[in-house]
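With our numbering as the guide, the letters of the sequence shown map in order to residues 92 to 205.
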Amino acid sequence: MTSIEKAKLCLTTILERKAIDPILLHVEDLTSIADYFLITGGNSTRQVQAITRHLQKTLKEREIPLYGIEGMQEGHWVLLDYGEVVIHIFYQPIREFYDLEGLWVEAPEVSLEG
């Protein structure tokens, strides 16, 4: 599976749990950490946790390894490291405060169509 295929699988999966305003950024030329950042939000900490659990379950079923996870217990900002794809799932007010999209403004946004 290519990194873009993995990123789009993650996107499809989070949308199944009604993730808010997902944005997929291509950061490969800006950092060695990952090829893509997927940033999204939830309306509550419980929704953030539900999105996270669903994503973990779906990717585990596909035998895609999770290298690290932070923030699950609190549910304010969960970070999941799937190697080439790093996912940030925020409680929406926290997302607005940190504005990762603004910090990575130089990263091209990947179309969520198709």
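Even for Gly, the Cβ is constructed at its ideal location relative to N, Cα and C.
Quick one, are the C-beta atoms of residue i and residue j less than 8 angstroms apart?
{"i": "L171", "j": "T143", "result": "yes"}
{"i": "L203", "j": "P113", "result": "yes"}
{"i": "E175", "j": "S94", "result": "yes"}
Quick one: what does DSSP say residue i is sitting in, helix, strand or coil?
{"i": "E200", "result": "strand"}
{"i": "T143", "result": "helix"}
{"i": "L194", "result": "helix"}
{"i": "P184", "result": "helix"}
{"i": "E152", "result": "helix"}
{"i": "E96", "result": "helix"}
{"i": "T131", "result": "strand"}
{"i": "Y189", "result": "helix"}
Note down the Cα distance separating residue i from residue j, rounded to an integer number of angstroms.
{"i": "K151", "j": "L129", "result": "18 angstroms"}
{"i": "D126", "j": "G166", "result": "24 angstroms"}
{"i": "H179", "j": "R108", "result": "15 angstroms"}
{"i": "Q138", "j": "S123", "result": "30 angstroms"}
{"i": "Q147", "j": "L157", "result": "8 angstroms"}
{"i": "A198", "j": "D120", "result": "8 angstroms"}
{"i": "L182", "j": "M92", "result": "Sequence check: residue 182 is Tyr here, not Leu. Cα to Cα, Y182 sits roughly 29 angstroms from M92."}
{"i": "T103", "j": "T149", "result": "10 angstroms"}
{"i": "V196", "j": "F188", "result": "16 angstroms"}
Judging by CA-CA distance, which residue of the options is the nearest neighbour of residue i?
{"i": "I185", "options": "V177, E192 and W168", "result": "W168"}
{"i": "I155", "options": "G162, V177, Q140 and N134", "result": "V177"}
{"i": "M163", "options": "G174, K148 and Q140", "result": "Q140"}
{"i": "H145", "options": "L121, I105 and L100", "result": "I105"}
{"i": "G132", "options": "E197, K148 and E192", "result": "E192"}
{"i": "H117", "options": "T103, A98, A110 and N134", "result": "A98"}
{"i": "L101", "options": "N134, Y173 and Y189", "result": "The sequence given here has Cys at residue 101, not Leu. Nearest of N134, Y173 and Y189 to C101, Cα basis: Y173."}
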